[in-house]
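Written below as structure tokens is the structure these notes are about.
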Amino acid sequence: MFTSEFLSMSAADKRRTVNSLLVNNAMYIIIALVAAIAACAMIGFINGFSVAKFDLHPFIVTLATQLITYGIILIYLKMGTNNRQVLSGFDPQYRDLVTGTLFTIAGVRVPMYVLYSLILVGLMWVIWNKTTFGKNMFAVGSNKEAAEVSGVNVHRTIILVFVLAAVMYALTGFIDGARVASVNANTGLNYECDAIAACVIGGVSFVGGIGRISVIVIGVLLLQIIFTGLNFLSVDQNLLYIIKGLIILVACAIDMRKYLAKK
292 MFTSEFLSMS
302 AADKRRTVNS
312 LLVNNAMYII
322 IALVAAIAAC
332 AMIGFINGFS
342 VAKFDLHPFI
352 VTLATQLITY
362 GIILIYLKMG
372 TNNRQVLSGF
382 DPQYRDLVTG
392 TLFTIAGVRV
402 PMYVLYSLIL
412 VGLMWVIWNK
422 TTFGKNMFAV
432 GSNKEAAEVS
442 GVNVHRTIIL
452 VFVLAAVMYA
462 LTGFIDGARV
472 ASVNANTGLN
482 YECDAIAACV
492 IGGVSFVGGI
502 GRISVIVIGV
512 LLLQIIFTGL
522 NFLSVDQNLL
532 YIIKGLIILV
542 ACAIDMRKYL
552 AKK
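Counting in this note's numbering, the sequence shown runs from 292 upward without gaps.
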């Protein structure tokens with residue numbers, strides 16, 4: 292019905308209809324992004340509050356909320372009509388926003404999400420190096436007691452760190468959903484292991500107070516080069532988990548030896 296009515300319209304009416312649809316779709320995309328950010332920020336606040344107020348271990352808190360969130364997602368998907376199946380068929384405007392061509396180099400297409408990655412890296416560099424919040428993060432990570440004596444609001448800083456991380460998760464999840472063109476409850480599973488491996492390769496200390504945005508980016512690139520090369524060599528996917536675990540284990544051992552040597 293809509294197709295026949297559309298074909299019978301004048302050219303001007305067709306343009307107005309298409310523009311109206313594009314605007315409506317853009318609004319839905321913005322609403323979805325804001326909702327994702329709000330939901331993740333709430334979870335980040337719960338994590339940060341639990342760590343700051345009750346002095347719980349961050350790993351335990353985030354593991355617990357990860358399991359809770361995973362269960363909620365499974366229940367939500369079961370309530371729908373797809374019976375826990377993969378969500379796909381996303382609006383082309385949403386996909387083009389992320390996977391559209393930014394520019395081409397020697398015929399190789401560079402997608403838009405490369406630009407978004409650079410923007411997020413630049414934003415985090417500014418926050419870490421040029422803001423009071425960034426200095427407070429470094430101080431709390433180095434020595435929480437010393438930071439508190441120096442006048443840093445440790446509780447607020449910890450909560451804001453978790454909220455900031457959660458907002459970044461929302462943004463990257465929004466981008467990754469368009470990149471892979473489908474999502475389900477397992478989307479993003481074990482991504483935290485990739486993040487940990489990239490950070491430890493980049494020299495981030497598990498005891499806190501050591502790390503720079505630039506070396507983290509180098510760690511991400513090195514990790515991707517390693518696993519892209521292993522995939523190119525047709526290494527068994529199951530073996531990649533073992534290699535990733537060994538990288539984390541060895542890097543943590545080296546980090547702890549450095550920490551103990553300094554003490």
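From the three backbone atoms N, C-alpha and C, an ideal C-beta is built for every residue, glycine too.
Burial state of residue i, where buried means 16 or more other Cβ atoms lie within 10 Å
i: LEU514; result: buried
i: ALA542; result: buried
i: ASN235; result: Nothing can be reported for residue 235: it is not among the residues displayed for the chain, which extend from 292 to 554.
i: ILE538; result: buried
i: GLY398; result: exposed
i: MET247; result: Nothing about residue 247 can be read from this structure; the chain reaches only from 292 to 554.
i: GLY510; result: buried
i: GLY465; result: Gly is not the amino acid found at residue 465; the sequence shown has Phe there. By the 10 Å Cβ count, PHE465 comes out buried.
i: VAL417; result: exposed
i: ILE449; result: buried
i: GLY342; result: It is worth fixing the name first, because residue 342 is Val in this sequence and not Gly. It counts as buried.
i: GLY413; result: exposed
i: ILE507; result: buried
i: GLY493; result: buried
i: ALA457; result: buried
i: VAL495; result: buried
i: THR353; result: buried
Chain-order list of residues whose beta-carbon lies under 6 Å from that of residue i (same chain, five-residue window excluded)
i: PHE453; result: GLY335, ASN338, GLY339
i: LEU324; result: PHE465
i: TYR460; result: CYS331
i: GLN528; result: none
i: ALA327; result: ALA461, PHE465
Bridge partner(s) assigned by DSSP for residue i
i: VAL401; result: PHE394
i: LEU378; result: VAL474
Under the three-state DSSP convention, the category residue i falls into
i: ILE363; result: helix
i: ILE320; result: helix
i: SER441; result: coil
i: ILE545; result: helix
i: THR356; result: helix
i: THR422; result: coil
i: SER525; result: coil
i: ILE410; result: helix
i: HIS348; result: coil
i: LEU480; result: coil
i: GLY499; result: coil
i: GLY468; result: helix
i: LYS305; result: Because LYS305 carries a pLDDT of 47, less than 50, the predicted location of this residue cannot be relied on, and no value is offered for it.
i: ASN434; result: coil
i: GLY510; result: helix
i: GLY536; result: helix
i: GLY339; result: helix
i: GLY494; result: coil
i: LEU298; result: Caution is warranted here: a pLDDT of 49 is assigned to LEU298, below 50, making its placement in the model unreliable, and no coordinate value can be reported.
Contacting residues, own chain, Cβ-Cβ under 7 Å from residue i (five flanking each side not counted)
i: LEU531; result: PHE518, LEU521
i: ASN475; result: VAL377, LEU378
Chain-order list of residues whose beta-carbon lies under 8 Å from that of residue i (same chain, five-residue window excluded)
i: TRP419; result: GLY425, MET428, PHE429, ARG503, ILE504
i: LEU388; result: ILE320, MET403, ALA469
i: LYS344; result: HIS446
i: VAL405; result: LEU393
i: VAL491; result: PHE497, GLY510, ILE538, ILE539, ALA542, CYS543, ASP546
Pairing CB atoms from the stretch 493-501 with CB atoms from the stretch 430-439, are three or more of them under 8 Å? Verdict: yes, contact present.
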